[in-house]
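Participant: Residues in the sequence shown are numbered from 583 upward in steps of one, following the numbering used here.
Glycine included, C-beta positions come from ideal geometry on N, C-alpha and C.
Quick caveat, the model's predicted, so the values are computed rather than measured.
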Amino acid sequence: MAYNVLIVDDELIIRQGIEYLIDWEKEGFHLVGKVKNGQEALDAMEKLHPDIVITDVEMPVMSGLELAEELSKHWPQVRMIMLSAHSDFEYVRPAFALGAVDYILKPSLSPQELVKVLRKSVKGLQQVEESSKAKRSRIINRYLAGYEDSLEELEKDPALARLFPASVVLFDELPSSKNADKRLEELNEKLEAANSGDLSCGFLIAQNYPAFLVRESSRDQFKAKLAGDSSFCAACFFISKPYASFQDIKQNQSTLANQLMSSLFYASKKTVIDEMQAGIIPLTGVGQQAQSCASNSLDDYEASLKASNFDQAFKQLQDYARNEVAAHAEESRLKSAVVNAIYSFVNLLEVFRLEKDHIRYFKLNCYALIHNAKNADEFLRQLDALIEDGKALVAGYQVTESRGEIAMMMDYIQQHYNEPLQLQTLVDQFGFSYAYLSSLFSEKSSETFSEYLNRIRIEKACELLIKTDSSISEIAQETGYTDSGYFSKVFKKQTGMTPRTYRRRNS
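Here's what the structure looks like:
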């Protein structure tokens, strides 16, 4: 990082002499200007943003000591080096009380002496900068966590104000090892270098996701540097649209966190995700945006399940998942659809003889493996593993002679669940005795007739609560319940919540 230097002296020959005394860029400095008195220096502060001011003590209009006093009030972070023609230290002592770091005698000024005091100033700047970064990070985190009193402190920081409008840069994970702080510090230094030397201070979005700011005017250059630096290949970055202030960032921090996590599901490591561009930009090259696939549904899968054509059903489920991944479907919707599809398979298994523990374990394992998948590749691997387990369950099934009878009755219930069904209805429909059907249903399906009917009705009610605006009483009627109060009671017993709560949580 090059530090900005401003020269202040009323003598042209001195200003020019200092300018050509050293190779500024080679020594790590940028000479931003030369002015002839303290007032001109003050007028140039906002425009030139010097880190170090080399100033004469005696000047017309405003002296170096007067300038030092103003800088100590309004730009205390600026390092001051005093120039003097007097060897008496008492002459410049007041400047040190105002924050000057050193002084140079004009008669003995040499390249070596100038570089020495400049580097001394840089050391002080770095110490102040590190302290300021830590303080800024604490204040920003407090504000984003809901402490409104921290906003006033942020607004008083001119260095932060100069960054806006700015984009938020998030990276994928907070290191959890014992070297986490060191790793974050190293990464922050690299990001600052990629950010053209602009101020960099880390903070947390939604109290969990590491982030920092990049000036809007530097976005494209910043992305290019990330893509060209192999040292960043261990991380995945999300760059937001520009925000005007920390207030805007605070209002959108939940959205930012969700965007990061959603993007990461389809991104691998070594990528940059830009909110203002479609698709993902790999750090090792230009990525290809996923193409949307044609209409994709699970209707054929459900039909194959009902026909007990399990191999075909599994293949259809795998095709569905891969098509949705190729189209970059929304993560939570995709996972829920696949889990529900597997649950349909599990519900069918319950019709036949199988140890309940096997079904329960498979069902719980299904939910955990699918919902905990961190990216699309892992999601597809877990689905394939579950399908193999499902095939093993089917292969190990001992299907009884009554399978066809039970399946036939259950299919009838699924077609007529909204009618006033009773076990006697099945007796009349299929010609079996009441006692035989009651015993057969309980023995082969692990549920009584009433339990199965209520489960089918409540599953349909759940679907209607999410997909329609029908009232609770209307949904009760549509699913075969004439009494909405009784419907609500059964619904809560089946799901653990009232219909209204279920709709609210899933809307």
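From what residue to what residue does the beta strand (DSSP E) around A748 run?
Facilitator: Counting along the chain, the beta strand (DSSP E) containing A748 begins and ends at 748–753.
Participant: Write down every uninterrupted run of the alpha helix (DSSP H) in the segment 892–968 whose length is 4 residues or greater and which is fully enclosed by it, in chain order.
Facilitator: Complete alpha helix (DSSP H) runs here, min 4: 892–908, 913–931, 938–953.
Participant: Suppose the cutoff is 6 Å on Cβ atoms and the five residues either side in sequence are ignored; what does the same chain contact list for I1048 look like?
Facilitator: Cβ neighbours of I1048 beyond the five flanking positions: N1088.
Participant: Measure the CB-CB distance between G1062 and R1039 and report whether it falls below 8 Å.
Facilitator: Yes, these two residues count as a Cβ contact at 8 Å.
Participant: Hey, is S844's beta-carbon within less than 8 Å of any beta-carbon in chain C?
Facilitator: The structure shown has no chain C; it contains just one protein chain.
Participant: Please classify L665: is it buried, with 16 or more other beta-carbons within 10 angstroms of its beta-carbon, or exposed?
Facilitator: Under this definition L665 is a buried residue.
Participant: Between G646 and G620, which are expected to be in contact by the criterion C-beta below 8 Å, what is the C-beta distance as a whole number of angstroms?
Facilitator: Yes, G646 and G620 are in contact; Cβ-Cβ is about 6 Å, under 8 Å.
Participant: Nearest-angstrom Cα distance between L899 and N929?
Facilitator: Taking the straight line from one Cα to the other gives about 16 Å.
Participant: If you scan the segment 679–721 from start to end, which runs of the beta strand (DSSP E) of 3 or more residues do you find wholly inside it?
Facilitator: Entirely contained in the segment 679–721, the beta strand (DSSP E) runs reaching 3 residues are, in chain order, 682–687.
Participant: Could you name the residues that DSSP lists as bridge partners for N834?
Facilitator: BP columns for N834 are empty, so no partner.
Participant: Need the endpoints of the alpha helix (DSSP H) that H656 sits in, please.
Facilitator: Start and end: 646–656.
Participant: Report the rounded CA-to-CA distance for L742 versus V660, giving the unit in angstroms.
Facilitator: Whole-angstrom Cα-Cα distance: 16 Å.
Participant: Bridge partners of N723, per DSSP?
Facilitator: BP columns for N723 are empty, so no partner.
Participant: Evaluate Q709 with the Cβ neighbour count: other Cβ atoms within 10 Å of its Cβ, from every protein chain shown; 16 or more gives buried, anything less gives exposed.
Facilitator: The residue is exposed, with fewer than 16 neighbouring Cβ atoms inside 10 Å.
Participant: From the DSSP secondary-structure annotation, give me the bridge partner or partners of G784.
Facilitator: Answer by DSSP bridge pairing: none, since G784 is not bridged.
Participant: Give the straight-line distance between the Cα atoms of V617 and P632, rounded to the nearest whole angstrom.
Facilitator: If you take the alpha carbons of V617 and P632, they lie about 12 Å apart.
Participant: For Q1076, I'd like the list of residues in its chain whose CB is within less than 6 Å of its CB, leaving aside the five on either flank, ordered along the chain.
Facilitator: Counting only Cβ-Cβ distances below 6 Å, and skipping sequence neighbours, we find I1040.
Participant: Using DSSP with H/G/I as helix, E/B as strand and the rest coil, what is Y825?
Facilitator: Strand.
Participant: For a test of the three-state rule: what should DSSP assign to F1014, helix, strand or coil?
Facilitator: Reduced to three states, the DSSP call for F1014 is coil.
Participant: How is the alpha helix (DSSP H) around N1036 delimited, first residue to last?
Facilitator: Looking at the DSSP string, the run of the alpha helix (DSSP H) that includes N1036 is 1031–1049.
Participant: Give the secondary structure of V660 by DSSP, where H, G and I count as helix, E and B as strand, and everything else as coil.
Facilitator: Coil, per DSSP.
Participant: Give me the DSSP bridge partner(s) of R797.
Facilitator: Bridge partners of R797: A748.
Participant: Could you pull out every residue in the same chain whose Cβ sits closer than 8 Å to the Cβ of T1080, ignoring the five residues on either side in sequence?
Facilitator: Hits under 8 Å: S1070, F1073, K1074.
Participant: Going by C-alpha distance, which of N586, L594, L624 is nearest W606?
Facilitator: Selected option, being the one with the closest Cα: N586.
Participant: What are the boundary residues of the alpha helix (DSSP H) that G615 is part of?
Facilitator: Per DSSP, G615 belongs to no alpha helix (DSSP H); it is in the beta strand (DSSP E), 611–617.
Participant: What span of residues does the beta strand (DSSP E) with T853 cover, start to end?
Facilitator: Element bounds for T853: 853–856.
Participant: Starting from Y1130, follow its DSSP beta bridges and name the residues at the other end.
Facilitator: The structure shown has nothing for residue 1130, since the chain only spans 583 to 1089.
Participant: How many angstroms separate the CA atom of E1029 from the CA atom of I988?
Facilitator: Approximately 12 Å, taken between the alpha carbons.
Participant: Across which residues does DSSP place D638 in a beta bridge pair?
Facilitator: Answer is L665, bridged to D638.
Participant: For I589, list the residues DSSP reports as bridge partners.
Facilitator: Looking at the DSSP assignment, I589 forms a beta bridge with K616, I636.
Participant: Take L696 as the anchor and find which of G610, S844, A626, K629 has the nearest alpha-carbon.
Facilitator: Nearest option by C-alpha distance: G610.
Participant: Quickly, what does DSSP pair F820 with across the bridge? List them, please.
Facilitator: Paired residues: L752, I855.
Participant: Under a three-way DSSP split, which group does I596 fall into?
Facilitator: I596 falls in the helix class under three-state DSSP.
Participant: Go ahead and pull the three-state DSSP assignment for N1000.
Facilitator: Reduced to three states, the DSSP call for N1000 is coil.
Participant: Nearest-angstrom Cα distance between S732 and A839?
Facilitator: Between S732 and A839, the C-alpha separation is close to 22 Å.
Participant: Straight-line CA distance for K655 to M627?
Facilitator: Using only the alpha carbons, I get a separation of about 13 Å.
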